[in-house]
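Using our numbering, count along the sequence shown one by one with no gaps and you end on 2151.
The next block holds one structure in the form of structure tokens; read it before the comments.
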Amino acid sequence: MKTNRNLFLAVLAAVLTACGGPRPASTVGTTPEVERRVDQLLAKMTLAEKIGQMNQISAGGDPANYAEAVRGGQVGSILNEVDPVRLNEFQRIAVEESRLGIPLLVGRDVIHGFHTVFPIPLGLAATFDPALVEEGARIAALEATAQGIRWTFSPMLDIARDPRWGRMAEGSGEDTWLDARMGEAMVRGYQGTQWDTTSMAACIKHFVGYGAAEGGRDYNSTFLTERQLRNIYLPPFEAAVKAGALTLMTSFNDNDGVPSTGNRFVVKDILRDEWGFDGLVVTDWNSMGEMISHGFGSDRKEVAQQAIEAGVDMDMMTYGYISHLEELVRSGAVKESAINAAVRNILRIKVMLGLFEHPYVDAAAAGAVQYAPEHLDAARRSAEESAVLLKNDGTLPLDAGRVRTILVTGPMADAPHDQLGTWAFDGQKEHTVTPLAALRERFPGRVVYVPGLVNSRQKRDRFDDVVAAARQADVILAFLGEEAILSGEAHSLADLNLKGSQSELLAALKATGKPVVATVMAGRPLTIERDLPNCGALLYAFHPGTMGGPALANLIFGDVTPSGKTPVTFLRTVGQVPMYYSHNMTGRPYQGEMLLDDIEAEAGQTSLGNTSYYLDYGAYPLFPFGFGLSYTRFTYSDPALDGTTYARDGVIRASCTLSNTGGCEGTEVVQVYVRDLVGSLTRPLKELKHFERVTLQAGESCRLEIEIPVSELAFWGLDGTKKVEPGDFQLWISGDSASGEALSFSVR
Ligand code: BGC
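In structure tokens form, the structure reads like this:
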């Protein structure tokens, strides 16, 4: 851990040298000066040099291996190299040895932190704290840009409603509104509020619908209608474009038969023409080439043509553009104007990032920025806010003065790599503080560690060693879950129960009669219903990152009160997939009818309910979206609206009294949901329209005043336009998506 503050501040001051003025607000925020420079450069470029800019390659290792291609102007961007010395050498070849001296745009998957790893994005979403998420993204940018990385392939804005899909870990969960707010925060954080050498271009991905993979199997087809796209999947992208995202990545999936990288409708018509996006569009890794595997094109030449015609500027790792575009232009199949447009989008970003003025980094100083104390502090706070308390019978918080011997057990108690989660390429084990390490430091000589299981998949019949230790302990802290490798890209699962013998371990611990606290670290909401009876309290920590250990120790021992809320519905069983709070109103909503278990009691019963539910699992999830407990209690009272009828351009002012009626300070995530009772289309049961974190002392109350512009109620209706449809609505101010008192209003 680097603690040299002065050195850190000196480096920070050096890298903060501004290359441009404050950023104008529109699209990517280009200026006439930027455009003039782009035009000048473009005028000097040969067709081959232009196409070279459109080529991105994975170029880790010795720059000499790529020198010829870079020098020859055949590469516009590289990814997968992070060493600042080698990156400087890459840039030197580009800037000093290529004909036009155009610097490389260096990309990297900096997804939830660079060296200092923050909780996985799903955990960050559980904070419902965009300001903190922005701070984390800024820190990621400071660390990554210090080493020469100026482009991250984040944030992932894919709505995910199927926890079998391992990539749910990388996004903000099931909700469009929450996803949009988190996406905007990350864009602001990565790119900064003005362009300077710490600005790291954000890449919003994967455009679009990728999270709806059929069966939750990664890379699988999606079948989203235009209306679903426009009402659910596209808004986070549009919000991030408005927030100034510089780049966007097309997705691997085909939607209704059209792979995204060749999808003119979404890329050209919506992104470019409707939204006016003038940033850079890059393919996903070989997603151009995979259009051949999809059977959408027969060879690389054909798919290259499909991609350029769709409006894709840069080819990541298919070598389709570099191999075939020149020939396609020469034959007249592709117009050179299409190439010019793409190259403009690429050069614009390079100019805006100040790469021409600052292609190099101070490699010797880069290390001092990594793991700075304030970075670790922000990572710890993020991990604290991201943990969701799902059950507590009063076991938590523990009183450090009363528990002498603490048994720490479970496969995630001391798994430094695994607690970092998916996409933590640059997070280092040696800098990661596990719960075991944090607890040992805090309670020297009082922690007994018996792992019980070496990993989450291990099977054991007996746990004699753990049980013997448990009998000697005052409290049992079990750290369960799934390793990083079980979630993330390509890591889908069909069974979402705790793997191996983890549930049996918890049951054996419970049988000792000692207090049991379970902490689950995972990349998705696992189906933990069967485990809840076997613990007094359960904290869901997702994968909490570098500072997960201290954060969890603070939560467990009550220095910090849990405030996270579920960013996704927690299911009772995987068979309930997809289940999400904002589903459309059905014609036969569940009325509390009989379940299978009741049938035997009522022999001869032939007619069960005629509504929408499962005979064996009912209609409800284990925990609804937006749910999370605290060590204190919050009550909502006297909800009110400032009117009964609003104009379409009006503002709804909702208010309510929030009281902390428990025994300690706490933070509540206040949520506002709206239901549009009648629409030109069936409307969602509820939709989140606002949230905020409110901190109150024990016994304190406050009157919340919340403004919701009526325009937020707009949706794409039957006539294919987006507008607020007049009619009756309901609104809830509540602590989760399943509670609260409905207020009624109408829009005229
Ligand atoms: C992923 C992208 C990622 C890219 C580059 C792909 O496999 O889908 O999200 O940014 O690789 O590493």
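Glycine included, C-beta positions come from ideal geometry on N, C-alpha and C.
Cα-Cα separation between residue i and residue j, rounded to whole angstroms
| i | j | result |
| --- | --- | --- |
| Lys1794 | Leu1942 | 7 angstroms |
| Thr1964 | Asp2045 | 33 angstroms |
| Ala1428 | Lys1608 | Confidence at Ala1428 is low in this model, with a pLDDT of 47, below 50, so the placement of that residue should be treated as unreliable; the coordinate-derived value is given next. If you take the alpha carbons of Ala1428 and Lys1608, they lie about 21 angstroms apart. |
| Asp2165 | Lys1753 | Residue 2165 lies beyond the stretch modelled for the chain, which goes from 1404 to 2151, so this question has no answer here. |
| Gln1994 | Tyr2017 | 12 angstroms |
| Asp1532 | Glu2071 | 11 angstroms |
| Leu1450 | Trp2135 | 58 angstroms |
| Glu2144 | Phe1945 | 31 angstroms |
| Arg2086 | Ala1529 | 25 angstroms |
| Phe2132 | Val1853 | 55 angstroms |
| Asn1666 | Asn1957 | 48 angstroms |
| Ser2140 | Leu1909 | 30 angstroms |
| Ser2083 | Phe2094 | 27 angstroms |
| Gly1595 | Ala1605 | 10 angstroms |
| Ser2142 | Ile1879 | 33 angstroms |
| Asp2024 | Gly1682 | The sequence given here has Pro at residue 2024, not Asp. Rounded to the nearest angstrom, the two C-alpha atoms are 40 angstroms apart. |
| Ser2040 | Gly1961 | 27 angstroms |
| Gly1660 | Pro1992 | 33 angstroms |
| Gly1916 | Leu1842 | 22 angstroms |
| Arg1675 | Gly1432 | 15 angstroms |
| Arg2056 | Asp2079 | 17 angstroms |
| Pro1638 | Phe1626 | 18 angstroms |
| Leu1823 | Val1520 | 7 angstroms |
| Gly1551 | Ser1663 | 30 angstroms |
| Val1851 | Arg1874 | 12 angstroms |
| Arg1489 | Leu1545 | 19 angstroms |
| Glu1484 | Leu1792 | 39 angstroms |
Distance CB(residue i)-CB(residue j) smaller than 8 angstroms
| i | j | result |
| --- | --- | --- |
| Leu2061 | Val2073 | yes |
| Thr2047 | Ser2114 | no |
| Gly1539 | Leu1527 | yes |
| Gly1757 | Asp1512 | no |
| Ala1876 | Thr1808 | yes |
| Gly1813 | Ala1881 | yes |
| Leu1535 | Arg1784 | yes |
| Gly1574 | Asp1565 | no |
| His1820 | Ala1887 | yes |
| Ala1782 | Leu1955 | no |
| Gly1612 | Leu1632 | yes |
| Pro1800 | Ile1959 | yes |
| Val2081 | Gly2021 | no |
| Gly1903 | Met1815 | no |
| Arg1733 | Leu1445 | no |
| Ile1514 | Trp1826 | yes |
| Gly1479 | Gln1494 | no |
Distance cut-off 7 angstroms: residue i Cβ against heavy atoms of the ligand BGC
| i | result |
| --- | --- |
| His1609 | yes |
| Asp1465 | no |
| Phe1556 | yes |
| Leu2084 | no |
| Trp1688 | yes |
| Asp1802 | no |
| Asp1582 | no |
| Asp1718 | no |
| Glu1693 | no |
| Glu1892 | yes |
| Asp1512 | yes |
Option in the options with minimal Cα separation from residue i
| i | options | result |
| --- | --- | --- |
| Val1737 | Ile1454, Thr2124, Arg2096 and Phe2118 | Ile1454 |
| Asn1458 | Pro1466, Glu1438, Cys1606 and Leu1482 | Leu1482 |
| His1778 | Lys1917, Ile1542, Tyr2049 and Val1473 | Ile1542 |
| Glu1362 | Ala1549, Ser2058, Val1684 and Asp2122 | Because the chain here runs from 1404 to 2151, residue 1362 falls outside it and cannot be looked at. |
| Thr1798 | Gly2012, Ser1726, Lys1913 and His1515 | Lys1913 |
| Asp1867 | Ser1859, Arg1860 and Gly1855 | Gly1855 |
| Ser1890 | Ala1925, Arg1865, Asn1987 and Lys1902 | Ala1925 |
| Ser1460 | Gln1979, Lys1447, Gly1476 and Met1448 | Correcting the residue type first, residue 1460 is Ile in the shown sequence and not Ser. Comparing Cα-Cα distances from Ile1460 to each of Gln1979, Lys1447, Gly1476 and Met1448, the minimum goes to Gly1476. |
| Phe1759 | Leu1503, Glu1787, Ser2033 and Phe2026 | Leu1503 |
Check: residue i C-beta below 7 angstroms from any heavy atom of the ligand NAP
| i | result |
| --- | --- |
| Glu1484 | No copy of the ligand NAP appears in this structure; the ligands present are the ligand BGC. |
| query | Touch check for the region 1573-1592 and the region 1645-1657: three-plus C-beta pairs under 8 angstroms? | reply | Between the region 1573-1592 and the region 1645-1657 there are three or more C-beta pairs closer than 8 angstroms, enough to call the two in contact.
| If we count Cβ pairs, one from each stretch, closer than 8 angstroms, do we get three or more for the region 1710-1729 versus the region 1662-1676? | Touching, per the Cβ criterion.
| message | Any contact between the region 2100-2111 and the region 1985-2000? By contact I mean 3 or more CB pairs, one from each, below 8 angstroms. | response | Short answer: they don't touch.
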